[in-house]
Amino acid sequence: MLLPDTAGVDLVRTLDSGQAFRWRWEPAGDVAAGVIGRRVVRLAVDTRGIRLLSPAGGGAGEPIRRYLGVVPRGGHPRRAEAALANDPVFSRVLPHTAGISILAQDPWEILISFIVSQNNNIPKITRSIERLARALGEPLAGGVFVFPRPERLAAARMHTLRTCSLGYRAPYVRAAARLVAGGRLDLAALARMECHAAREALLHVPGIGEKVADCVLLFGLGHHTAFPVDVCVRRAVEHLYFRGRPRRLRDIQAFARERFGPLAGYAQQHLFAYARARLRPPALPPA
DNA sequence: GGGCAGGTGTAAT
DNA sequence: ATTACACCTGCC
Numbered sequence: 035m036l037l038p039d040t041a042g043v044d045l046v047r048t049l050d051s052g053q054a055f056r057w058r059w060e061p062a063g064d065v066a067a068g069v070i071g072r073r074v075v076r077l078a079v080d081t082r083g084i085r086l087l088s089p090a091g092g093g094a095g096e097p098i099r100r101y102l103g104v105v106p107r108g109g110h111p112r113r114a115e116a117a118l119a120n121d122p123v124f125s126r127v128l129p130h131t132a133g134i135s136i137l138a139q140d141p142w143e144i145l146i147s148f149i150v151s152q153n154n155n156i157p158k159i160t161r162s163i164e165r166l167a168r169a170l171g172e173p174l175a176g177g178v179f180v181f182p183r184p185e186r187l188a189a190a191r192m193h194t195l196r197t198c199s200l201g202y203r204a205p206y207v208r209a210a211a212r213l214v215a216g217g218r219l220d221l222a223a224l225a226r227m228e229c230h231a232a233r234e235a236l237l238h239v240p241g242i243g244e245k246v247a248d249c250v251l252l253f254g255l256g257h258h259t260a261f262p263v264d265v266c267v268r269r270a271v272e273h274l275y276f277r278g279r280p281r282r283l284r285d286i287q288a289f290a291r292e293r294f295g296p297l298a299g300y301a302q303q304h305l306f307a308y309a310r311a312r313l314r315p316p317a318l319p320p321a
């Protein structure tokens, strides 16, 4: 079944854009398998949009469309791109990045995934999250596991967490799990709050700094004004808007707020993808 | 094997 | 107020 409103959404770019860590591509490269809620889902690239291969029939289409960020009230990627195209700089960016959507993922899984992401890279994050799921999550069909509930992570032995290659982040993960399991960090409430207030609350969690807080806001809590600045995004902004001159973090944040407003989250996704595709790290000085 | 990349917390100025 | 460094893992 072709999912409504997915025309112009690029499944590859969306799932490989560093916002989700649990999708796997089948060898042909045009079918992805992952977990949405408690369902194992398979999605296929299609010239007309995204095709839902399984579960077939039933009422899964609606929650899956919500997850994919294409229901109108979530802000649609096509609308975001149409608006961003007014920015002359984005005429250079969009040809490499068009079709990226911002997924509406489970805030709890996002919280832990991005705590793990600090000072880390995508392959290692992916490995850690997969190991957590296998070690502590409930099995679904086909060797796929749901991401473990907060109580399971809160009660896990440190040794088990270490086994998942979390390194020094293991205590952060367990502490965050205990906050959520104990009701002292209410993610649903953060989603309803104003973005700035939710950000303040996240910054009190050990292991969460500005970058991770912004990722949780954007990918898990639906706050599309958030603009996570990692090295790629910093490079892209400096290169495209400041002639390659270094800027301070807060200047980049202020620039994004002013320039992109409610589209900041989308802008960030495009700039991140652009930097990864087109910008190399600054060359080392000659030996 | 040593060097490096990647955010955050902490201790230093 | 900003700045320097340690933290863990995996890849080169």
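Counting from 35, one number per residue, gives the positions in the first sequence under our numbering. No residue lacks a Cβ here, since even glycine has one placed at the ideal position from N, Cα and C. Fair warning: this is a prediction, and the values are worked out from it, not measured in the lab.
For residue i, three-class secondary structure by DSSP
| i | result |
| --- | --- |
| I146 | helix |
| L36 | strand |
| R203 | helix |
| V79 | strand |
| C198 | coil |
| R281 | coil |
| T259 | coil |
| A270 | helix |
| A307 | helix |
| A240 | Looking at the sequence itself, residue 240 is Pro, so the reference to Ala does not match. Looking at P240 - three-state DSSP - the assignment turns out to be coil, as it is neither helix nor strand. |
Cα-Cα separation, residue i to residue j
| i | j | result |
| --- | --- | --- |
| I286 | G93 | 43 Å |
| R58 | A66 | 5 Å |
| R100 | G133 | 16 Å |
| L219 | F124 | 37 Å |
| V150 | S162 | 8 Å |
| H130 | A309 | 10 Å |
| L35 | V79 | Reading the sequence as shown, one finds Met at residue 35 and not Leu. If I take the Cα positions, the gap works out to 12 Å. |
| V271 | G299 | 14 Å |
| G171 | G68 | 14 Å |
| P106 | A223 | 22 Å |
| T48 | L252 | 14 Å |
Residues that residue i bridges to, as DSSP identifies them
| i | result |
| --- | --- |
| V69 | V74 |
| F289 | In DSSP, F289 forms no bridge with anything. |
| W59 | A66 |
| P173 | F179 |
Residue i: first and last residue of the uninterrupted alpha helix (DSSP H) it sits in
| i | result |
| --- | --- |
| S125 | F124 to T131 |
| A116 | P111 to L118 |
| V180 | No alpha helix (DSSP H) holds V180; DSSP gives it neither H nor E. |
| D248 | E244 to F253 |
Bounding residues of the beta strand (DSSP E) (the contiguous stretch that carries residue i)
| i | result |
| --- | --- |
| I84 | G83 to S88 |
**Prompt:** Using 8 Å as the threshold, is the stretch 262-274 in touch with the stretch 244-251, meaning 3 or more CB pairs across them?
**Reply:** Taking one beta carbon from each stretch, the stretch 262-274 and the stretch 244-251 have 3 or more pairs nearer than 8 Å; the two touch.
**Asked** Do the stretch 224-235 and the stretch 200-211 touch if we need at least three Cβ pairs shorter than 8 Å?
**Response** The way I'd put it, the stretch 224-235 doesn't touch the stretch 200-211; fewer than three beta-carbon pairs between them come closer than 8 Å.
**Request:** Would you check if there are 3 or more beta carbon pairs closer than 8 Å linking the stretch 108-117 to the stretch 38-46?
**Result:** Output reads yes: the stretch 38-46 touches the stretch 108-117.
**Meets three-Cβ-pair contact criterion under 8 Å: the stretch 135-148 and the stretch 174-189** = In short, these stretches touch, since the Cβ pair count reaches three.
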